[in-house]
Structure formats: structure tokens, C-alpha cells
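Numbering (the numbering used here), first residue to last: 1 to 372.
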């Protein structure tokens with residue numbers, strides 16, 4: 001039986017939007033110009049700051065680890081799976097064809113692929129079958145799916161309470177990766193560069209809820225140490241393909257700041273009330289999915305004819321409007337349709353041995369769990 005959802009923490013929604021905007025800024029001011037994807041358009045002053053915007057991705061992973069555990073503990077394996085699919089797929093199914101058309105119609109965008117790539121990408125499992133992404137930003141969804149797979153497996157086997165032990169194993173593998181490397185199979189299964197971010201988010205949830213206090217302290221320190229180590233290494237890698245020196249110290253400090261921000265949000269619980277933040281958080285996902293290919297296509301096509309600031313302002317305004325329609329109108333209706341079979345199932349009589357003590361509020365609690 002699903003448990004009721006606590007009041008919405010709007011600070012998390014604001015954090016999601018901030019992370020998405022950091023990634024957008026990074027792609028349009030640093031990554032895109034450095035790789036010839038913006039038709040010569042550049043924003044060098046903005047790039048001085050936004051070249052660190054790639055750190056929005058691990059911030060997403062931190063938030064995901066914190067939030068997804070809350071959702072899992074209020075649900076069961078079936079409801080968790082359907083609710084995650086209802087969260088991920090509607091916007092994604094809209095974004096993939098748009099990204100595919102942008103990449104195919106504008107030859108300067110290098111992600112142009114055959115139609116079969118589009119069809120496989122619609123499943124979101126393209127990485128697992130060796131098919132390239134329609135849009136490069138989709139790689140993070142693969143990491144999310146693998147983490148969801150771990151949670152689902154534990155829920156299905158009724159072993160979610162053993163997640164701290166799984167976290168220890170993953171952190172151990174991540175430590176080994178940084179020290180001596182890992183065989184390819186273990187690397188693919190354990191996500192050693194990214195799993196510590198999810199685990200740090202989970203540990204913050206455990207700390208907030210008062211469970212596994214001593215173990216949580218160890219997991220927080222261990223995962224944070226690995227994340228700061230990764231931040232420095234990752235900055236060096238990003239420097240290489242930007243052909244611009246980035247400071248590992250700055251990247252590490254920003255990573256710690258992101259963790260501190262999430263810790264502050266977790267410490268205050270659901271006391272945050274930020275007007276409009278819920279809508280802003282909803283927009284962040286389609287914004288992340290849609291911005292890269294479409295933005296590069298617009299810049300390579302009209303960058304030579306339109307003032308760069310006017311072009312970027314117009315594009316971002318139009319993009320946010322489209323994302324608003326997707327997030328606030330299309331996604332809720334699609335989510336309702338995907339969750340409807342579970343809700344009908346919840347309204348059926350239960351076998352006597354499974355019937356909860358109090359039935360009248362069950363439908364209301366199920367709806368609350370879906371919104372996590």
C-alpha cells in the first residue's frame with residue numbers, strides 16, 4: 001500500500017531549474033562554440049562563468065538520489081516503475097523527434113542519424129543496444145535508468161532496506177575505480193563516476209529521516225570525498241575537449257556548494273514555499289531534453305543574420321514557452337493516462353489477507369505517491 005506524500009518541497013523544484021539552466025548555459029557558451037556547433041556565435045564573457053555549468057548534471061544526480069528514495073519508500077515495485085515511466089517518457093517522446101529533426105535538417109549539427117536511430121531512441125535504452133543518442137544530453141538518462149533499476153530490483157525482492165549495503169558496495173567499487181581502475185563489466189554495472197552522487201542524495205534522505213545515523217554519516221563523508229575527487233578529474237577532462245583550462249579547485253568547490261545547498265534543503269524539510277517553483281521545476285526536464293540540438297540548429301542557421309543576443313533571447317523565450325506547454329499541459333494528462341490502470345486496480349476489492357486496515361483513504365494515498 002502506498003503511503004501519503006508529504007507537502008511539496010519547492011526548493012527542490014527551484015534547484016532542478018537552476019541545474020538545467022547551468023547545463024543550457026554551458027552548452028551554448030562553452031561546449032557548443034568550442035566544438036563549432038553554434039555557427040560562429042560565442043559569448044566569451046558569459047563563458048567565463050558558465051564553462052562550469054556542466055556541474056549541473058551531477059547536481060541533478062544528487063537531487064535524484066534524494067527524491068527517488070522518498071518516492072520508493074511510499075510505493076511498491078509496480079507503482080514505482082509505472083510512476084517513473086510516467087515521469088520520464090511523455091516529455092522524452094516529444095523531445096526525441098524534435099531533436100532528431102534538428103540534427104537531420106541542419107547538417108552542421110553532428111548528431112544527424114538514420115531513422116532507425118530515432119525509433120530505438122524512443123525506448124530510452126539505446127545505450128544498452130549500442131545505438132547512438134539522437135541528442136547528446138540523453139546519456140544522463142542512461143545513468144538514471146541504471147539507478148532506478150537498482151531501486152526497482154530491491155523493491156521487487158522486498159530488500160529496499162538493504163540499500164545502505166548496496167551503497168557501501170557501490171562506493172567501494174567507485175573507490176577502486178579511482179585507485180586501480182575496474183574491469184569493463186564492473187564499470188558499466190556500478191557507474192563508479194556517478195553512483196556516489198546518487199548515494200550522497202540517498203544519505204541525505206536517511207539523515208533527514210533519522211535512520212541509519214552512524215552508517216549515514218560514513219556514507220555522507222565517503223560519497224562526498226569521492227565526488228570531490230571526481231570533480232577535479234572531470235574538470236581536467238572537460239578542459240581537454242573545451243581546449244580551455246578549467247580549475248579543478250573551482251569545480252570541487254562548486255560541487256561542495258551544490259551538496260551543501262541540497263543538505264540545507266533537506267535540513268529544512270518541506271518548510272520551503274517558493275511561489276512558482278513547482279512550475280519551474282516541471283519545466284526543467286523538457287528544457288534539458290530539448291535545448292541542445294534545437295539551439296545549435298537555430299544558431300547555425302540564423303547566427304549570421306541576426307544579432308546574437310536577440311537570437312538567443314528569442315530562442316530561449318520560445319523554448320521556455322514550448323517547455324511550459326509540455327510540462328504544464330501535456331505531461332500531466334499523459335501521466336494521468338499512464339497511471340490510470342493502476343488507479344483502477346487500486347479501486348478493486350483486495351483479497352482478505354492483503355486488505356489494509358483502512359480502505360477509504362487508499363485512493364487518495366495512491367495519488368499522492370504518484371506525484372513524487
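Just so it is clear, CB atoms sit at the ideal spot from N, CA and C, and this is done for glycine as well.
Keep in mind it's a predicted model, so treat the numbers as computed, not measured.
- Check the Cα spacing between residue 12 and each of 51, 42 and 259: the tightest is with 259.
- Looking from the CA of residue 265, the closest CA among 190, 63, 71 and 49 belongs to 63.
- Nearest to residue 251 by alpha-carbon distance, out of 133, 276, 175 and 59, is 59.
- The count of Cβ pairs closer than 8 Å, one atom from the stretch 311 to 328 and one from the stretch 47 to 59, stays below three, leaving the stretches out of contact.
- In this structure, DSSP gives residue 193 a state outside helix and strand, which the three-state scheme calls coil.
- Taking a C-beta distance under 7 Å as the contact criterion, residue 238 and residue 229 do not qualify as a contact pair.
- DSSP assignment within the stretch 259 to 339 yields the following whole alpha helix (DSSP H) runs of 4 residues or more, N-terminal first: 277 to 302 and 308 to 325.
- Contact between the stretch 159 to 179 and the stretch 131 to 140 is absent, with fewer than three C-beta pairs closer than 8 Å.
- Spanning the alpha carbons of residue 308 and residue 316 requires a straight line of approximately 12 Å.
- Per DSSP, reduced to three states, the secondary structure at residue 61 is helical.
- Fewer than three beta-carbon pairs drawn from the stretch 30 to 44 and the stretch 170 to 180 are found closer than 8 Å, and the two stretches are therefore not classed as touching.
- Taking the C-beta atoms as reference points, residue 194 is found nearer than 7 Å to residue 143.
- Cβ neighbours of residue 292 within its own chain (closer than 6 Å, five residues either side excluded): 27, 135 and 137.
- Between residue 200 and residue 223, the C-beta gap is smaller than 7 Å, which places the two residues in contact.
- Under the three-state reduction of DSSP output, residue 92 falls in the helix class.
- Excluding sequence positions up to five before and after residue 29, its CB lies within less than 6 Å of the CB of 43, 46, 47 and 50, all in the same chain and listed in chain order.
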